[in-house]
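Every letter in the first sequence is one number past the one before it in our numbering, and letter 372, counting from 1, is 375.
Quick reminder that beta carbons are idealized off the backbone N, C-alpha and C, glycines included.
Working notes for the structure below.
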Amino acid sequence: MPPFTFTIEAECPGSWARAGMVQTPHGAIQTPIFMPVGTQASVKSVSSEELHEAGAQIILANTYHLMLRPGSSLIHEFGGLHSFMHWDGPILTDSGGFQVFSLGHLRKLSEDGAAFRSHLDGSPHMLTPESVMQIEAELGADIILPLDICAAFPCLPEEAKEAMQRTHRWAERALTAKALYRPEQTLFGIVQGAFEPELRQESARYIGNLPFPGLSIGGLSVGEPKESMWEMLRCVTPELPRGKPRHLLGVGSPEDLVIAVGLGMDMFDCALPTRVARHGALFTHSGRVNIKSARFRDERGPVEEGCDCYTCRNYSAAYVHHLLRAGEQLYYRLGSIHNIRFMLRLAGDLRAAIIAGSYIAFRDDFLARYIPASEKVRDEQREKWRAARLR
RNA sequence: GUGACCGUAGCUCAAUCGGCAGAGCUCUGGAUUGUGGCUCCAGUGGUUGUGGGUUCAAGCCCCAUCGGUCACC
Numbered sequence: 004m005p006p007f008t009f010t011i012e013a014e015c016p017g018s019w020a021r022a023g024m025v026q027t028p029h030g031a032i033q034t035p036i037f038m039p040v041g042t043q044a045s046v047k048s049v050s051s052e053e054l055h056e057a058g059a060q061i062i063l064a065n066t067y068h069l070m071l072r073p074g075s076s077l078i079h080e081f082g083g084l085h086s087f088m089h090w091d092g093p094i095l096t097d098s099g100g101f102q103v104f105s106l107g108h109l110r111k112l113s114e115d116g117a118a119f120r121s122h123l124d125g126s127p128h129m130l131t132p133e134s135v136m137q138i139e140a141e142l143g144a145d146i147i148l149p150l151d152i153c154a155a156f157p158c159l160p161e162e163a164k165e166a167m168q169r170t171h172r173w174a175e176r177a178l179t180a181k182a183l184y185r186p187e188q189t190l191f192g193i194v195q196g197a198f199e200p201e202l203r204q205e206s207a208r209y210i211g212n213l214p215f216p217g218l219s220i221g222g223l224s225v226g227e228p229k230e231s232m233w234e235m236l237r238c239v240t241p242e243l244p245r246g247k248p249r250h251l252l253g254v255g256s257p258e259d260l261v262i263a264v265g266l267g268m269d270m271f272d273c274a275l276p277t278r279v280a281r282h283g284a285l286f287t288h289s290g291r292v293n294i295k296s297a298r299f300r301d302e303r304g305p306v307e308e309g310c311d312c313y314t315c316r317n318y319s320a321a322y323v324h325h326l327l328r329a330g331e332q333l334y335y336r337l338g339s340i341h342n343i344r345f346m347l348r349l350a351g352d353l354r355a356a357i358i359a360g361s362y363i364a365f366r367d368d369f370l371a372r373y374i375p376a377s378e379k380v381r382d383e384q385r386e387k388w389r390a391a392r393l394r
């Protein structure tokens, strides 16, 4: 098995963008990369074979969900996540820290760890930096994350500092617990610091200097304005060691990906593309479209002209529209595949642009064409209200 | 054929003693960022079956008519 390595292949002048290659025991990952989210060992409605066909190189699964159901020991009995879900590429598992805060009922934090009640049956559970390592060892992902604390937005500076400092102490405990996870697994460190520039810088330096082969940026995309997120990344990136891959947790939308790559991020995971797909929002290069809209009722062409995804190669937009309207299961699969393929193609295009030295031009061109639907409609609605007020 | 009950938004139904015709769903648009197939926000939509009458005022009262449901012949 090859050890974990990260090689930078190209950097783009005028930005912090870089293209690289991550080696894992289950294969290589070309960065920048988008990682589809398979919370419960499944990217909802999409099979492992379909993920592979869509160009997925690495996927993400959730420790929190899998420890509650079916349980990490059962997955261990089946030879780990790779064989359990029949995915032989790289896998990254989240620590469960975020879900304890967003899903767990009656959570209680202490220096030891996080106590919470299951969202499934209310049963009490306890996660500690050490127990998370054991659980992730049983799940057997290639890249694993330590237990961290994601501060709420907004939060007081003191709370942000306390959460960051405890995250740092837990990071050290996770490193010390190296015997609990498998030698072929790679533990990433998590940078916190909420929305305090000094804390972000401190956390980036602290976590960046610990012996983690890779780094995840946590605590962002939790409801803050976009500009706050970019500001935090601008604080963090200069403090990070150049030679370690950087994973931006929970991001994001197509436009987020394009911008964050320029701020030095290499890996992304996000539920957004598949979640919004299930509700009809499909990505195209001119922005998000709602496939449920009546205008697709008789659209003979694909969802996006020129898209090479399974859905667009084989089905008309009218058919996809019909499946959603009719509540057919197949819709979830076709819609999800389209958005996953869009994100992966976008990551590939970004990579090619970086290697060609034209990231800036690519970014500006993409953002000029990709107008978020929300902005378009927000403007239209604003106009409508203004007209109504004048009447 | 006789009798009773019911006709209000695309659907299911509210509307006090006769006093500005409303809600849920659908529909249209939006939101969703380390996924609870969840949830939230906004908007369109009406000749109250039809025709008369009473009244300052009718979805509501009266008459006729059309349609539906049920019961009994």
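For residue i, the first and last residue of its enclosing alpha helix (DSSP H)
i, result
"ILE265", "It is Gly, not Ile, that sits at residue 265 in the sequence shown. Residues 257-265."
"ARG303", "No alpha helix (DSSP H) holds ARG303; DSSP gives it neither H nor E."
"VAL103", "100-105"
"GLN168", "160-179"
"GLU52", "51-56"
"GLU1", "Shown here, the chain extends from 4 to 394; a query on residue 1 therefore has no answer."
"ILE62", "No alpha helix (DSSP H) holds ILE62; the beta strand (DSSP E) holding it covers 62-65."
"SER86", "84-87"
Residue i - DSSP class collapsed to helix/strand/coil
i, result
"MET235", "helix"
"LYS111", "strand"
"HIS395", "Residue 395 lies beyond the stretch modelled for the chain, which goes from 4 to 394, so this question has no answer here."
"VAL279", "helix"
"PHE198", "coil"
"ALA118", "strand"
"GLY143", "coil"
"VAL135", "helix"
"SER219", "strand"
"GLN204", "helix"
"ILE152", "coil"
"GLY351", "helix"
"ALA359", "coil"
"ALA371", "helix"
"ALA59", "coil"
"ALA31", "strand"
"SER18", "coil"
Classification of residue i by the beta-carbon crowding that lies within 10 angstroms, buried from 16 upward
i, result
"SER98", "buried"
"SER86", "exposed"
"ASP311", "exposed"
"GLU141", "buried"
"ASP91", "exposed"
"ASN342", "buried"
"LYS387", "Here LYS387 scores only 47 on pLDDT, less than 50, and its place in the model should not be relied on; the value that follows carries that caveat. Exposed is the call here."
"ASN65", "buried"
"LEU393", "Summary for LEU393: the model assigns pLDDT 41, below 50, so the residue's position carries little reliability, and this model does not support an answer."
"ASP301", "exposed"
"ARG336", "buried"
"LYS181", "exposed"
"MET129", "exposed"
"LEU190", "buried"
"ARG245", "exposed"
"SER206", "buried"
"LYS111", "exposed"
"ARG21", "buried"
"LEU123", "exposed"
"PRO359", "Position check: residue 359 holds Ala in this sequence, whereas Pro was assumed. Classification of ALA359: exposed, given that the 10 Å Cβ count is below 16."
"LYS229", "exposed"
"LEU174", "Here residue 174 is Ala; the residue named in the question, Leu, does not match the sequence. Burial call: buried."
"ASP367", "exposed"
"PRO16", "exposed"
Where the beta strand (DSSP E) containing residue i begins and where it ends
i, result
"GLY246", "Per DSSP, GLY246 belongs to no beta strand (DSSP E) and is neither H nor E."
"PRO2", "Missing from the structure shown is residue 2; the chain here goes from 4 to 394 and no further."
"ASP97", "94-97"
"THR27", "21-27"
"PHE156", "Premise fails: PHE156 is in no beta strand (DSSP E) and is neither H nor E."
"PHE9", "8-14"
"PRO39", "36-39"
"MET129", "127-130"
"ASP1", "One cannot answer for residue 1 here, as it falls past the ends of the chain, which runs 4 to 394."
Sufficient close CB pairs (3 or more, under 8 Å) joining the stretch 50-57 to the stretch 123-134: Touching, no.
Segments of 3+ residues assigned as beta strand (DSSP E) that fall wholly inside the stretch 281-348: For the stretch 281-348, whole beta strand (DSSP E) runs of length 3 or above, ordered along the chain, are 284-287 and 290-293.
Three CB pairs or more closer than 8 Å across the stretch 292-307 and the stretch 259-273: Taking 8 Å as the limit for Cβ pairs, the verdict is that the stretch 259-273 does not touch the stretch 292-307.
Inter-stretch contact at 8 Å, needing at least 3 Cβ pairs: the stretch 355-372 / the stretch 301-321: The answer is no - the stretch 301-321 does not touch the stretch 355-372, with fewer than three Cβ pairs under 8 Å.
The stretch 71-79 touching the stretch 108-117, judged by at least three CB pairs closer than 8 Å: Contact between the stretch 71-79 and the stretch 108-117 is not established, with fewer than three Cβ pairs separated by less than 8 Å.
Inter-stretch contact at 8 Å, needing at least 3 Cβ pairs: the stretch 233-252 / the stretch 278-292: No contact exists between the stretch 233-252 and the stretch 278-292.
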